[in-house]
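First to last, the sequence lines map onto chains Y and B.
Take any residue in the first sequence, note its place counting from 1, add 98, and you have its number in our numbering.
Take any residue in the second sequence, note its place counting from 1, add 110, and you have its number in our numbering.
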Amino acid sequence: AQSVTQLDSQVPVFEEAPVELRCNYSSSVSVYLFWYVQYPNQGLQLLLKYLSGSTLVKGINGFEAEFNKSQTSFHLRKPSVHISDTAEYFCAVRWTGGGNKLTFGTGTQLKVEL
Amino acid sequence: GAGVSQTPSNKVTEKGKYVELRCDPISGHTALYWYRQSLGQGPEFLIYFQGTGAADDSGLPNDRFFAVRPEGSVSTLKIQRTERGDSAVYLCASSLTGDSPLHFGNGTRLTVT
């Protein structure tokens, strides 16, 4: 079965430090890739997406992610985090030919500290 | 503008009871999705509607779960004979078309006692 792996369940980081949240998926067939953020007591919000074209995609709030087909990865990065970035981050994959459903990873809790 | 609205926000029910969870998608969105998020997990796909019809219901765990979208707008997720294992946050999402990004509601937290 196709799967999405987020190896880090929690990532603590100091404010203004860089951060990388890792995401790997199981299959090398054509995929669409997404990162969602979930703030406490709120719904999931789309941060960014890769559908085709440039492998480096930029999203909201200064986040970016790079699609690496050979490593089947789509890691999320931000050069300098802020306290307000504290949230749960989910990587999601839609496999072409697999319908419209998204398969999500288990999430990474980013905790930004002063 | 108005986002995806889910009601109730919280639902507590006893084991064996029947529950209905409602989703109001963004106006004009033809695609509607239900996901379930258990504690410590990512959302898991349940069912996808394109218009009034269920285009993919492969994620429904068993025949106790059923969803409808009779007029192509509001959807109701129905769970019969609830079990404690059904406790989770049920998320609804809608998109303009089947290929567009999903917009999620805040979810309904279902607790089965």
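For glycine and all other residues, C-beta sits at the position ideal for the given N, C-alpha and C.
Using a beta-carbon distance below 8 Å, is residue i in contact with chain B?
{"i": "Phe156 (chain Y)", "result": "In the sequence as displayed, the identity of residue 156 (chain Y) is Lys instead of Phe. No - not a single Cβ of chain B is within 8 Å of the one on Lys156 (chain Y)."}
{"i": "Leu119 (chain Y)", "result": "no"}
{"i": "Leu144 (chain Y)", "result": "yes"}
{"i": "Phe172 (chain Y)", "result": "no"}
{"i": "Gln100 (chain Y)", "result": "no"}
{"i": "Gln140 (chain Y)", "result": "yes"}
For residue i and chain Y, any beta-carbon pair shorter than 8 Å?
{"i": "Ala164 (chain B)", "result": "no"}
{"i": "Gly215 (chain B)", "result": "yes"}
{"i": "Tyr128 (chain B)", "result": "no"}
{"i": "Phe175 (chain B)", "result": "no"}
{"i": "Pro211 (chain B)", "result": "yes"}
{"i": "Phe159 (chain B)", "result": "no"}
{"i": "Gly169 (chain B)", "result": "yes"}
{"i": "Ala198 (chain B)", "result": "no"}
Take the Cβ of residue i as the centre, count every other Cβ of all protein chains shown within 10 Å, and call the residue buried at 16 or more, exposed below.
{"i": "Asn172 (chain B)", "result": "exposed"}
{"i": "Pro180 (chain B)", "result": "exposed"}
{"i": "Pro177 (chain Y)", "result": "exposed"}
{"i": "Val127 (chain Y)", "result": "exposed"}
{"i": "Gly163 (chain B)", "result": "exposed"}
{"i": "Lys199 (chain Y)", "result": "buried"}
Going by the CB atoms, is the gap between residue j and residue i shorter than 8 Å?
{"i": "His63 (chain B)", "j": "Leu206 (chain B)", "result": "The first residue shown for chain B is 111 and the last is 223, placing residue 63 (chain B) beyond what the model contains."}
{"i": "Ser183 (chain B)", "j": "Pro135 (chain B)", "result": "yes"}
{"i": "Trp133 (chain Y)", "j": "Gly157 (chain Y)", "result": "yes"}
{"i": "Arg120 (chain Y)", "j": "Gln108 (chain Y)", "result": "no"}
{"i": "Asn115 (chain Y)", "j": "Val155 (chain Y)", "result": "In the sequence as displayed, the identity of residue 115 (chain Y) is Ala instead of Asn. It is not a contact, given that the beta carbons lie outside the stated cut-off."}
{"i": "Val95 (chain B)", "j": "Lys125 (chain B)", "result": "Beyond the ends of chain B as shown, which are 111 and 223, falls residue 95 (chain B); an answer cannot be given."}
{"i": "Asn216 (chain B)", "j": "Gln147 (chain B)", "result": "no"}
{"i": "Ala141 (chain B)", "j": "Ser204 (chain B)", "result": "yes"}
{"i": "Ile189 (chain B)", "j": "Arg174 (chain B)", "result": "yes"}
Put residue i into one of helix, strand or coil per three-state DSSP.
{"i": "Ile189 (chain B)", "result": "strand"}
{"i": "Gly195 (chain B)", "result": "helix"}
{"i": "Leu163 (chain B)", "result": "Before going on, a small fix: residue 163 (chain B) reads as Gly here, not Leu. Here Gly163 (chain B) sits in strand by DSSP."}
{"i": "Asn159 (chain Y)", "result": "helix"}
{"i": "Ile136 (chain B)", "result": "coil"}
{"i": "Ser107 (chain Y)", "result": "coil"}
{"i": "Ser204 (chain B)", "result": "strand"}
{"i": "Leu182 (chain Y)", "result": "Before going on, a small fix: residue 182 (chain Y) reads as Ser here, not Leu. In this structure, Ser182 (chain Y) counts as helix in the three-state DSSP scheme."}
{"i": "Lys127 (chain B)", "result": "coil"}
{"i": "Asn198 (chain Y)", "result": "coil"}
{"i": "Glu113 (chain Y)", "result": "coil"}
Which chain B residues are close to residue i, counting only those with a beta carbon under 8 Å from its beta carbon?
{"i": "Thr204 (chain Y)", "result": "Gly150, Gln151, Gly152"}
{"i": "Thr169 (chain Y)", "result": "It is worth fixing the name first, because residue 169 (chain Y) is Gln in this sequence and not Thr. Residues of chain B passing the Cβ test: none, with the nearest at roughly 21 Å."}
Name the chain Y residues whose beta carbon is nearer than 7 Å to that of residue i?
{"i": "Ala112 (chain B)", "result": "Those within 7 Å of Ala112 (chain B) in chain Y number zero; the least Cβ separation is about 13 Å."}
{"i": "Gly195 (chain B)", "result": "The premise fails here: Gly195 (chain B) is roughly 18 Å from chain Y at the closest Cβ pair, so nothing lies under 7 Å."}
Starting from residue i, find everything on chain Y with Cβ-Cβ shorter than 8 Å and list it in chain order.
{"i": "Gly208 (chain B)", "result": "Asn198"}
What residues from chain D crowd round residue i, counting only those whose CB sits closer than 9 Å?
{"i": "Lys147 (chain Y)", "result": "The displayed structure is made up of protein chains Y and B, and chain D is not among them."}
Mind pulling the chain B residues with CB within less than 9 Å of residue i?
{"i": "Phe188 (chain Y)", "result": "Gly152, Pro153"}
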